[in-house]
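Student: Sharing a structure with you now.
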Amino acid sequence: MKIWLDGKLVDESEAKISVFDHGVLYGDGVFEGIRFYNGRVFRLEEHVRRLFDSSRAIILDLPWTQEEVCRFTCETVAANGLTDGYIRLVVTRGAGELGLNPYLCPKPTMFIIASSIKLYPDEHYQNGLSIITCATRRPAPGALMPQVKSLNYLNNIMAKVEAIQANALEAVMLNEQGYVAECTGDNLFLIKNGELHTPLISDGALDGITRGVIIELARDLGVPVIERSLTRYDIFTADECFLTGTAAEVIPVVALDRRVIGSGKPGPFTGRFLDAFHKLALSTGTPVS
Ligand code: PXG
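Start counting the sequence shown at 189; every next residue gets the next number (this note's numbering).
Put into structure tokens, the structure is as follows:
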């Protein structure tokens with residue numbers, strides 16, 4: 189496997205970063221997870237724009253343009269001869285002194301991995317997920333800005349551990365006020381009376397690229413979109429629930445905390461969104477070469 193690292197495509201065995209890199213020492217950095225389908229990168233420019241926004245928010249100046257980062261990403265996919273898979277794009281503060289001061293790190297480190305991805309098992313797309321509410325909260329915006337896709341994922345990892353220990357694959361994370369923010373690596377949507385509901389970004393959700401695509405598709409499908417504060421009550425009383433993310437795409441949820449949602453089976457709206465998403469993902473995107 190070829191990895192793009194600081195301007196060069198190198199063999200996987202040579203793709204190494206310093207133990208003094210602040211990405212490793214402090215989780216000081218940002219990342220993106222991107223999919224490619226049929227040799228085309230899905231929503232590449234949007235992912236790279238979010239990466240630059242995340243970097244800007246943590247005062248990490250990138251010495252490349254967004255167009256260059258798009259090009260490096262495509263080159264990495266092409267160099268590995270892949271047509272379908274997953275890209276992990278990571279930028280760290282770079283190597284520096286011990287100590288928090290980011291200004292003592294002269295140069296950011298960037299690497300790009302293009303590989304395959306392990307999705308949820310197919311049965312969950314057919315039958316839906318049973319998820320839980322976890323005790324781990326989304327950090328308040330004044331603690332760790334939730335829109336920044338940073339290398340600080342311990343919060344989500346602890347939430348994921350709670351899910352796994354409860355025999356579930358995902359967990360709903362609430363914010364400090366008790367409103368639904370999102371799941372550990374997915375955004376959450378509900379269908380109620382033919383309308384699509386999803387938490388506000390300001391309630392602590394990541395501004396997911398897949399979330400944005402679903403909102404666009406809802407407009408095409410004539411489904412009203414309502415972004416508002418949601419509680420567990422709204423999930424328990426919804427007609428349908430589904431999650432979205434680059435890895436999961438669109439996946440139905442049929443139970444929360446062992447309480448059945450709607451009919452207890454993936455619903456018709458979820459099916460329409462899933463089909464529309466697949467159609468779009470397979471027919472659009474930036475060609476890798
Ligand atoms: N919330 C969180 C906290 C995420 O990390 C999403 C929502 C969905 O956003 P997108 O833009 O993907 O629709 C994410 C995305 C991984 C992995 O390797 C994580 C994500 C995406 C892809 C892979 O764990 N997180």
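We put the CB at the ideal spot given by N, CA and C, even for glycine. Here the structure is a predicted model, which means the values were calculated and not measured.
(1) Have a look at D408 and G400 and give me their C-alpha separation to the nearest angstrom.
(2) So does T432 have its beta carbon nearer than 7 Å to some heavy atom of ligand 1?
(3) Pick out whichever of P475, R238, Y214 and I345 has its Cα sitting closest to the Cα of Q335.
(4) Taking all protein chains shown into account, decide if P440 is buried (16 or more other Cβ within 10 angstroms of its Cβ) or exposed.
(5) Within the continuous beta strand (DSSP E) that includes N375, where are the two ends?
(6) Do you know how far the Cα of K337 is from the Cα of V218?
(7) Using the three-state DSSP reduction, which class does S303 fall into: helix, strand or coil?
(8) Can you tell me which of S390, T432 and L405 puts its alpha carbon nearest to the alpha carbon of R416?
(9) Can you say whether I447 is buried or exposed, counting buried as having 16 or more other CB atoms within 10 angstroms of its CB?
(10) Across which residues does DSSP place V442 in a beta bridge pair?
(11) Please report the straight-line C-alpha distance between N355 and A443, rounded to a whole angstrom.
(12) Taking just the CA atoms, how far does I319 sit from M361?
(13) Do A302 and V265 have their C-beta atoms closer together than 8 Å?
(14) What is the rounded straight-line gap between the Cα of F465 and the Cα of R228?
(15) Does the beta-carbon of L394, which I'm using as the reference point, lie nearer than 7 Å to any heavy atom of ligand 1?
(16) By the DSSP assignment, the beta strand (DSSP E) with M361 in it spans what residues?
(17) Beta carbon of C262, beta carbon of E233: below 8 Å?
(18) Closest Cβ-Cβ distance between G269 and chain D: below 8 Å?
Tutor: The short version:
(1) Here residue 408 refers to the residue found at position 220 of the sequence shown. Here residue 400 refers to the residue found at position 212 of the sequence shown. Between D408 and G400, the C-alpha separation is close to 13 Å.
(2) Translated into positions along the sequence shown, residue 432 becomes position 244. Checking every heavy atom of ligand 1 against the Cβ of T432, one is found closer than 7 Å.
(3) What you label residue 335 is simply residue 147 of the sequence shown in a count that begins at 1. It is R238.
(4) The residue given as residue 440 occupies position 252 in the sequence shown. Buried, by the Cβ-count rule.
(5) Within the sequence shown, residue 375 is the residue found at index 187, counting from 1. Counting along the chain, the beta strand (DSSP E) containing N375 begins and ends at N375 to K380.
(6) Within the sequence shown, numbered from 1, the residue matching residue 218 stands at position 30. Within the sequence shown, numbered from 1, the residue matching residue 337 stands at position 149. Using only the alpha carbons, I get a separation of about 6 Å.
(7) The count along the sequence shown starts at 1 and reaches residue 303 at position 115. Three-state result, S303: strand.
(8) Translated into the one-based positions of the sequence shown, residue 416 becomes position 228. The option with the nearest alpha carbon to R416 is S390.
(9) For this step, residue 447 is matched to residue 259 along the sequence shown. Before going on, a small fix: residue 447 reads as Arg here, not Ile. Exposed: under 16 other Cβ atoms inside 10 Å.
(10) Here residue 442 is taken as the residue at index 254 of the sequence shown, counted from 1. Its beta-bridge partners do not exist; DSSP assigns none.
(11) Along the sequence shown, read from residue 1 onward, the residue named residue 355 stands at position 167. Along the sequence shown, read from residue 1 onward, the residue named residue 443 stands at position 255. Taking the straight line from one Cα to the other gives about 13 Å.
(12) Locating residue 361 in the sequence shown gives position 173, where the first residue counts as 1. Locating residue 319 in the sequence shown gives position 131, where the first residue counts as 1. Spanning the two alpha carbons is a distance of roughly 11 Å.
(13) By 1-based counting over the sequence shown, the position of residue 302 is 114. By 1-based counting over the sequence shown, the position of residue 265 is 77. Result yes, Cβ atoms of A302 and V265 sit closer than 8 Å.
(14) Reading the sequence shown from its first residue, position 277 is the one you call residue 465. Reading the sequence shown from its first residue, position 40 is the one you call residue 228. The alpha-carbon atoms of F465 and R228 are separated by roughly 15 Å.
(15) Taking the sequence shown and counting its residues from 1, one reaches residue 394 at position 206. Yes; taking the cut-off as 7 Å, the Cβ of L394 has a heavy atom of ligand 1 nearer than that.
(16) Here residue 361 is taken as the residue at index 173 of the sequence shown, counted from 1. Run containing M361: A359 to L362, per the beta strand (DSSP E) assignment.
(17) What you label residue 262 is simply residue 74 of the sequence shown in a count that begins at 1. What you label residue 233 is simply residue 45 of the sequence shown in a count that begins at 1. The answer is no: Cβ separation not under 8 Å.
(18) The chain labelled as chain D is not found in the depicted structure, where only one protein chain is given.
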